[in-house]
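Line order of the protein sequences matches chains U and Y.
Numbered per the working numbering, the first sequence spans residues 1 to 696.
Numbered per the working numbering, the second sequence spans residues 1 to 496.
For every residue, glycine included, the Cβ atom is placed at its ideal position computed from N, Cα and C.
This report concerns only the one structure given below.
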Amino acid sequence: MTEFAYLIPLLQLLSFVMIIFFLRWKEKVSSGLAVTMSVAAWVMSVWVLIETICKYIGAHGAHVEPFEITYYLTVFPKINLEIGILVDALTAMMLLVVSTIGACVQIYSLGYMRGDKYFSRFFAYLSLFLFSMFGLVLANNFFMIFIFWELVGLTSYLLIGFYFEKKSASDAGKKAFITNRIGDLGFIIGLLLIGTYAGTFNYREVFDAVSGGVFPPEVLVVAAIGLFCGAIGKSAQFPLHVWLPDAMEGPTPVSALIHAATMVVAGVYLVARGMDIFVGSADAAFVVAAIGLITSFMAATIALTQNDIKRVLAYSTVSQLGYMIMALGLYGYDTANGIHSPGYYAGTFHLMTHAFFKGLLFLAAGSVIHAVHTNDIREMGGLLKKMPKTGWTFLVASASISGVPLTAGFFSKDEIVAAAAHHPVFYFFTLLIAFMTAFYMWRLCFMTFFGKPRDAEKFDHAHESPATMTGPLVFLGVLAVIGGWVGIPGMTGFSEFVFHGEPYHTHVDWVNILIASSVGLGGIYLAWLMYLKKAISADKIAQTFRPLYLMSLNKWWFDELYDIVFIRPILTLGRFLWTFDARVIDGLVNGVAWFTLFWAEMKQLFDTYVIDGAVNGSGWLVSNLGQALRYLQTGRVQFYTLFIVLMIIVLATFRMLPTGTWLLWTLTFLCAALLLGLIGRRTVTNTAHTESEKQA
Amino acid sequence: MDIGILSWLIIVPLLGMIVVMFLPKNNKWAIRWTATGFATITCIQSFWLLWDYYVNYSGSAAMAYVEGPFEWIPTLNVQYLLGVDGIAVPLLALTGLLSLISIVASFNIQIRLKEYFAFFLLLEAAMMGVFVALDFFLFYVFWEIMLVPMYFLIGIWGGPRKEYAAIKFFLYTLFGSIFMLVSILLLYFNSEPHTLNILEHIQNGSNLPYVLQMVCFIFFFIAFAIKVPVWPFHTWLPDAHVEAPTAVSVILAAVLLKMGVYAMLRISWPMFPEALRACSTYILLLGLIGIIYGALVSMAQKDLKKLVAYSSVSHMGFCMVALAAWSSEQAMAGVMFQMISHGLLTGALFILVGVLYDRAHTREIAAFGGLGSKVPVYTALMVFFAMGSLGLPGMSGFVSEFLIFVGAFGVLNQYLVGIGVLGILLGAAYLLRMVQHVFLGPFNETKWGGLTEINVREILTVAPLVVLTLFLGMYPKPFNILISETMQNLITLMAR
């Protein structure tokens with residue numbers, strides 16, 4: 001089966017294409033196809049997992065060569081784009097997680113989405129998502145994981161904005177996509193550095209290059225942190241966590257599948273997958289651990305005060321993702337410093353158990369919302385009697401996430417605490433977060449399922465959901481308990497299986513187990529005191545620590561901060577540049593055009609008045625001079641005589657004068673001649689007048 | 001003298017133009033289908049050429065299907081010389097396909113049909129000519145001829161400010177052409193014997209004195225940069241795009257913008273290696289400014305078509321970054337991918353904007369909202385191409401951008417290239433804003449209740465683009481093989 005693992009994503013793609021192009025109008029057929037394909041994927045994934053386990057058992061602790069196929073998409077001498085399949089233990093585990101939750105959510109959606117306007121489309125999108133997610137976990141190189149990384153982002157965008165007529169939904173989709181893209185910028189930089197220095201994107205070859213010292217240390221840090229930026233975006237880590245709570249605008253099955261159990265752990269998966277790079281750079285690994293801790297703590301504090309059931313779960317998801325990231329980061333840091341650490345095992349283990357119980361929590365929350373038509377836990381209460389299956393599975397999942405002994409979450413959380421044990425600050429906060437997690441989860445449980453109903457009308461309408469919805473709940477409920485038993489301390493199977501390269505033997509640390517579980521139980525007890533027994537007033541605490549309460553309630557004001565610091569300046573810059581474009585750059589072009597026209601205009605004026613003026617002027621001069629000279633031709637003998645006499649005088653004077661002044665004299669002469677002419681003309685006209693008068 | 005396939009690529013549309021001119025003015029049916037027929041023949045020819053080149057010639061970098069040199073004007077040593085290689089062949093196919101699509105998309109043109117299609121076919125002939133000419137004179141002639149039909153197509157069938165846009169387009173390009181002409185003359189008189197053969201000049205280019213190389217390079221650059229357009233020579237583009245009729249915008253974006261980049265690859269890049277080395281950083285800077293600037297300005301647009309137009313500025317910026325990274329094979333493959341990809345995606349976006357404009361008679365983004373529930377197929381197509389344009393993996397835009405970045409990152413300043421990566425974030429921002437404002441949110445039933453879904457003809461115009469976008473995005477190997485030898489050869493020439 002492992003050789004045919006590529007069929008797992010391709011079947012989902014087939015389902016998507018068939019539904020979108022051919023079956024959209026037939027709701028039953030399309031949903032049936034999608035569910036069949038996801039169940040088929042689940043069967044194949046289990047098969048692959050079993051085969052992989054057998055392979056590892058058969059090797060008796062020797063190194064197992066993972067199954068790999070590579071196909072090159074380009075023909076460059078180096079840095080080729082490639083696609084391929086890699087199946088190792090980590091992939092097999094991820095396949096199981098994704099296909100399990102995927103199949104459960106698809107079946108659940110049959111009931112949840114019934115009667116929706118875009119029923120078929122919903123299943124098509126889910127299929128597309130599963131295709132992308134399977135592709136992501138099966139990839140054998142960084143280029144291909146990036147492709148599917150973006151595609152899960154696309155389906156997330158489509159599904160968050162599934163109710164696209166709602167403005168808040170379309171806003172949330174856009175926000176998710178763009179926030180993820182910010183992280184992807186870092187991812188791309190990391191990819192580019194890897195490609196440039198290693199000359200390939202293939203995992204194995206890149207890791208060989210890292211251990212072979214091909215990367216200069218400072219480049220490796222940047223590349224590792226770049227990759228981690230991608231994880232920050234996708235796994236909603238601080239400071240890019242803001243999109244995940246808003247993503248709850250999507251239908252609840254989507255929240256369960258994409259925004260709790262599978263897509264958001266892609267970031268964790270990426271860090272786990274690229275662990276060799278982080279091990280190669282202790283600084284980067286420390287950044288990973290620190291970001292994980294900050295995220296986890298911040299999200300836990302916010303979850304304490306939220307009243308929307310899905311938002312509490314969303315912040316809880318952010319917090320738990322931070323947990324996993326922190327564990328992986330600590331592993332990288334410790335390993336780089338030569339300390340043996342269970343972090344890698346803890347992170348991947350928690351990834352799996354978290355998928356089960358968080359998927360279940362969301363699906364159960366969806367069932368509740370389906371029944372009471374509100375998200376606000378202040379309007380709920382006492383629902384356990386009305387919807388026992390939903391209620392009990394929700395409680396089981398809450399117990400699991402709080403680390404109640406013998407549940408799945410207990411074992412994985414225990415390992416995370418153990419991973420943090422060497423680092424006092426991390427250890428303290430890890431326990432504090434575990435305490436807060438138990439508290440807010442049980443606050444949710446008590447307010448929703450216990451006590452008196454706060455909204456009688458809604459309570460009366462509430463009813464248990466149909467079997468298509470409760471079936472997956474029960475199935476996941478079982479997994480949320482036994483899913484962690486593969487990692488019972490002292491048992492080495494699972495830890496060896498997923499462990500990174502070398503076997504890791506968990507040892508039974510009773511002190512650690514005691515501390516971790518008592519912290520979780522303490523959180524539950526406090527929640528019980530406050531919200532069920534009402535021994536401590538929550539309002540009073542909120543009053544006393546008002547600034548802290550407001551900070552938590554307003555989610556540390558991240559949205560407002562980003563709006564002021566990033567979004568508005570960028571929009572303003574865009575508008576400014578547009579004005580700049582129109583006024584300055586285009587203004588320059590138009591200015592040149594205007595100047596050319598102006599110049600042409602000037603030329604035309606010059607042409608009309610100066611050049612043509614000169615031509616016309618000379619014509620005018622000639623004709624007028626002629627006119628003037630005509631007056632010399634008066635035809636009177638006396639006048640000619642006078643003229644001759646004058647000429648003689650003038651010429652005589654000429655001879656006597658110094659030669660230089662002849663020009664002046666010529667002019668004088670001409671003027672005199674003209675004067676004479678005018679006098680002559682006057683005489684002529686006068687005569688003419690008298691003659692005409694006489695005739696009259 | 002034998003006429004080969006390359007000449008036929010020019011002759012068929014010209015014949016089509018003549019036939020259309022002789023058709024009766026009022027027989028719209030005949031005019032449309034005659035034009036479509038001739039464009040189809042050209043399109044088939046160009047794709048046959050693509051296939052044949054891929055099968056028979058892609059293993060070598062030499063010019064294929066060479067016609068000539070035939071003497072044309074012996075006293076000036078002007079020759080009729082045609083030939084294609086891995087750069088030209090895909091662009092010819094793009095021209096053939098997009099011309100056909102544009103002609104089909106122009107079926108709703110109502111006024112002066114005959115002139116419209118005649119000009120369109122003339123334009124196609126000229127575009128084909130630019131891509132196959134290997135003689136400077138011939139190249140220049142086709143380059144200039146192209147302007148004439150374009151001028152009329154914008155100026156007669158355009159929007160409210162068509163005259164301004166048409167004149168601006170014409171004069172701006174002509175302004176650049178002057179520099180090209182000067183450069184050509186400089187090369188002509190500095191060659192012995194005087195020749196206009198582009199290939200010979202490429203061979204001799206590196207022997208030219210540095211100053212002459214530099215002058216010619218810069219002059220050519222100005223001419224080609226205006227066509228691309230490279231920031232800050234881009235302002236003719238939004239005006240021309242917005243005022244031009246839909247099909248003309250498509251051709252403008254899909255083919256005409258590629259000519260600048262094509263000419264750089266064909267002429268100035270391999271011809272003046274020393275000048276290229278000296279200018280690489282500045283070209284990179286111009287490209288980066290184009291990417292970021294175009295994207296930010298797109299974000300501020302209120303007009304759908306203008307948004308797409310400015311996105312072209314941003315996308316062509318990627319081409320310039322790739323061209324600056326001329327020594328990298330990935331970047332050089334990336335620039336070809338980007339040209340084709342941008343042609344397909346932006347062409348499709350313009351067609352789709354036109355489809356909406358035909359129905360709504362407005363392109364103002366704020367006027368719409370929630371169209372997703374009224375026209376789902378149209379919405380799906382528009383979202384598909386928007387996603388392609390923002391570089392979603394699986395589509396051609398991603399492959400090209402990724403190759404360009406990988407290539408540029410290896411050979412250029414990594415900090416600067418890192419800034420360019422921001423472009424893909426901004427691309428997502430403005431395209432998703434557009435998608436949200438137009439298609440998502442509540443639907444205004446009273447205002448857009450009568451809006452009709454995209455029809456079959458319109459779907460058929462974009463369907464080939466969908467297929468090609470996905471093909472290039474998912475299986476880039478054949479295209480990579482098609483261009484790789486030519487690109488290798490170019491890199492060797494540029495590295496002299």
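Asked, Found
"Phenylalanine 471/Y at chain U interface by Cβ criterion, 9 Å", "no"
"Nearest candidate by alpha-carbon position, reference valine 312/U, set Pro245/U, Val372/U, Pro342/U", "Pro245/U"
"Complete runs of the beta strand (DSSP E) confined to the region 441 to 492 of chain U [at least 3 residues]", "none"
"Backbone CA spacing between glycine 409/U and isoleucine 258/U [nearest angstrom]", "20 Å"
"Extent of the continuous alpha helix (DSSP H) to which valine 456/Y belongs", "456 to 474"
"Alanine 169/U at chain C interface by Cβ criterion, 9 Å", "The chain labelled as chain C is not found among the protein chains of the depicted structure, namely U and Y."
"Methionine 44/U and methionine 94/U closer than 9 Å at C-beta", "no"
"Residues in the region 49 to 83 of chain U having any Cβ partner in chain Y nearer than 8 Å", "Tyr72, Leu73, Thr74, Val75, Phe76, Pro77, Ile79, Leu81"
"Interface residues of the region 470 to 491 of chain Y facing chain U [CB-CB below 8 Å]", "Tyr475, Pro476, Lys477, Asn480, Ile481, Ser484"
"Closer than 9 Å to chain Y by CB, arginine 273/U", "no"
"Start and end residues, beta strand (DSSP E) containing tyrosine 65/Y", "64 to 73"
"Unbroken alpha helix (DSSP H) run spanning glycine 450/Y, endpoints", "Counting along the chain, glycine 450/Y falls outside any alpha helix (DSSP H), and DSSP gives it neither H nor E."
"Beta-ladder partner(s) of asparagine 197/Y, from DSSP", "Asp135/Y"
"CB of isoleucine 145/Y within 9 Å of CB of glycine 176/Y, strictly", "no"
"Members of the region 222 to 244 of chain Y near chain U, C-beta cut-off 7 Å", "Pro232, Thr235"
"In chain order, each beta strand (DSSP E) run of at least 3 residues that lies wholly inside the region 97 to 138 of chain Y", "none"
"Distance between serine 281/U and tyrosine 333/U (C-alpha atoms, nearest Å)", "8 Å"
"Chain U contact for isoleucine 454/Y (CB, 9 Å cutoff)", "no"
"Helix, strand or coil at valine 39/U according to DSSP, with G and I counted as helix", "helix"
"Within-9 Å CB hit, leucine 426/Y to chain U", "yes"
"From Tyr53/Y, Met63/Y, Thr446/Y, Tyr116/Y, residue whose alpha carbon lies closest to that of leucine 23/Y", "Tyr116/Y"
"Coarse secondary structure for leucine 73/U, derived from DSSP in three states", "coil"
"CB contact flag (phenylalanine 134/U, proline 9/U, <9 Å)", "yes"
"Local Cβ density within 10 Å of asparagine 26/Y, reported as buried at 16 or more and exposed below that", "exposed"
"Neighbour flag for tryptophan 578/U against chain Y, beta carbons, 9 Å", "yes"
"When Ala421/U, His463/U, Leu406/U, Val622/U are compared against tryptophan 485/U, the one with the closest alpha-carbon", "Leu406/U"
"Asparagine 141/U, DSSP secondary structure in three states", "strand"
"Cut-off 8 Å between Cβ atoms - residues of its own chain near valine 417/U, not counting five sequence neighbours on either side", "Tyr427, Thr430, Leu431, Ala434, Asn512, Ile515, Ala516"
"Stretch pair the region 262 to 282 of chain Y + the region 196 to 205 of chain Y: three plus CB contacts closer than 8 Å", "yes"
"Residue environment, glycine 501/U, which counts as buried when at least 16 other CB atoms sit within 10 Å", "Note on glycine 501/U: pLDDT 48, under 50, position unreliable in the model; the coordinate value appears next. Its Cβ having fewer than 16 others within 10 Å, glycine 501/U is exposed."
"C-beta neighbour in chain Y for glycine 501/U, strict 9 Å", "For glycine 501/U, the predicted model reports a pLDDT of 48, less than 50, meaning its position is unreliable; a value from the coordinates is still stated below. No - not a single Cβ of chain Y is within 9 Å of the one on glycine 501/U."
"Chain-order list of residues whose beta-carbon lies under 6 Å from that of isoleucine 41/Y (same chain, five-residue window excluded)", "Val12"
"Glutamate 65/U in three-state terms, based on DSSP", "coil"
"Selected residue, minimal CA-CA separation from valine 474/U, among Ser537/U, Asp581/U, Gly359/U, Trp442/U", "Gly359/U"
"Proline 472/U to threonine 36/U span [Cα, whole Å]", "15 Å"
"In chain order, each beta strand (DSSP E) run of at least 3 residues that lies wholly inside the region 221 to 245 of chain U", "none"
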